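The structure under discussion appears below in the form of structure tokens.
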DNA sequence: TGACAAGCGGAATGATCCTTCCGTATGCTG
DNA sequence: CAGCATACGGAAGGATCATTCCGCTTGTCA
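Chains as they are written, first to last, in the working numbering: chain A, 1 to 190; chain R, 1001 to 1190.
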């Protein structure tokens, strides 16, 4: 157990950390995971050095944001549990997760399984996995979902979703809502 | 109409062109679209200059391979038309396309909608689109497919497929076969 | 076989980005 | 308010790659 006692940050440092996170969030949302550190620094009105003081690498910065987002998704799924019918609870939870993610290119890429960030977000994924499993279990006892369904199925679907949503911006004939409609139908019991 | 009369290539040049294509195919299959030109040249036992003599940019090289692959997919779908039941014809065609693509990382990335290559492959996509439309139409008159189904749905699904298949290698809990099973079920009439 | 266009190899160029470094500035503590 | 640790800015360093260039080699054709 390594209880690193972290001395409280200096006031300006704390402030800058927030500015960097906000700027990074915006930059990644727009440009995806290959937004540039210099751009992030500029948006935060801070030097690149400052970005690196707070996050040792770009990957760490992404991880921080990803972690935050995954926590929100988990909250959302946990809260969906009592959304009436189990099937309704599961799908509305998934839809809400999708809506929450679709506007942010980088998050779509992460959900889509971009290698560099997946590992980093693993912590958040644990809670997500559990919440998903619970929702699926409920739907199964109800007979609404195909009975071989598993959380991995949702993971597959969401991975596809993330990619399609990210690509949709690039202007293809893609449509993540339509995709999700069909994929979730495929998860239903026949 | 610009009928560029292309003088026949010198024998060694023709040979090298084939070597480059083969090497590129192998390199891209393994490393995905960001395989390096230098690696391709090395595999082909050729200098980078030679690669560039035959394909003015990396993108052009990718496009050539993509085009070739899309033609094969179109052939495959067209041939599926008389595979018995219309629904069977459609799905078995799609499964075969998937199998043909899944082993090649770069092709998965392209199918998944990687921007740089999509435009290049557009030619092949036209035939694909038509073949898909025909299969869907047949399945619709048969009542086997959801009646709002369109070729774009297949495109969405295959885009997801490509990404999942590419990511699967990276070792996640992803499984493109399982994904495709579910997604195609979602396309079925209920 | 000789001459020349067509090709070839691969070092060098140039662009893009992440990351590091260090001189300067600023919050905090006594 | 002085003195110092903490933070800051942003120029410079270093990697990685696509692409270009040019002196040399090799088919081809008369």
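Just so you know, even glycine gets a beta-carbon here, dropped at the ideal spot from N, CA and C. Computed from a predicted model, the values in this text were never measured in an experiment.
Query: In whole angstroms, give me the CA-to-CA distance for residue 1165 (chain R) and residue 1057 (chain R).; Result: 27 Å
Query: In chain A, which residues lie less than 7 Å from residue 1156 (chain R) when you measure between Cβ atoms?; Result: 164, 174, 175, 178, 179
Query: Using a Cβ-Cβ distance cut-off of 8 Å, determine whether residue 1110 (chain R) contacts chain A.; Result: no
Query: Comparing the C-beta of residue 97 (chain A) with each C-beta of chain R, is any distance below 8 Å?; Result: no
Query: Give the DSSP-derived three-state secondary structure of residue 1045 (chain R) in the structure shown.; Result: coil
Query: Can you list, in chain order, the residues of the stretch 15-34 of chain A whose Cβ is nearer than 8 Å to any Cβ on chain R?; Result: none
Query: Measure the C-alpha to C-alpha separation of residue 11 (chain A) and residue 17 (chain A) and round it to an integer number of angstroms.; Result: 10 Å
Query: Going along the chain, which residues of the stretch 1037-1070 of chain R sit with their C-beta nearer than 7 Å to a C-beta in chain A?; Result: none
Query: How many angstroms separate the CA atom of residue 1031 (chain R) from the CA atom of residue 158 (chain A)?; Result: 24 Å
Query: Rounded to whole angstroms, what is the Cα-Cα separation between residue 88 (chain A) and residue 77 (chain A)?; Result: 12 Å
Query: Tell me the DSSP secondary structure of residue 188 (chain A) in three-state form.; Result: strand
Query: Starting from the Cα of residue 1127 (chain R), find the closest Cα among R:1109, R:1110, R:1069, R:1171 and give me that residue.; Result: R:1069
Query: So, are the CB atoms of residue 178 (chain A) and residue 1153 (chain R) less than 8 Å apart?; Result: yes
Query: Distance check for residue 14 (chain A) and residue 41 (chain A), CA to CA, integer angstroms please.; Result: 15 Å
Query: Please state if the CB of residue 1148 (chain R) and the CB of residue 1189 (chain R) are separated by a distance shorter than 8 Å.; Result: no
Query: Could you tell me which residues DSSP pairs with residue 1145 (chain R) in its beta bridges?; Result: R:1188
Query: For residue 145 (chain A), decide whether its Cβ has a neighbour in chain R, counting only Cβ atoms nearer than 8 Å.; Result: no
Query: Is the distance from the Cβ of residue 1103 (chain R) to the Cβ of residue 1163 (chain R) below 8 Å?; Result: no
Query: Three-state secondary structure (DSSP) at residue 7 (chain A)?; Result: coil
Query: Helix, strand or coil: how does DSSP classify residue 116 (chain A) here?; Result: Any reading at residue 116 (chain A) must be qualified, since the residue scores a pLDDT of 43, below 50, and its modelled position is unreliable; no value is offered.
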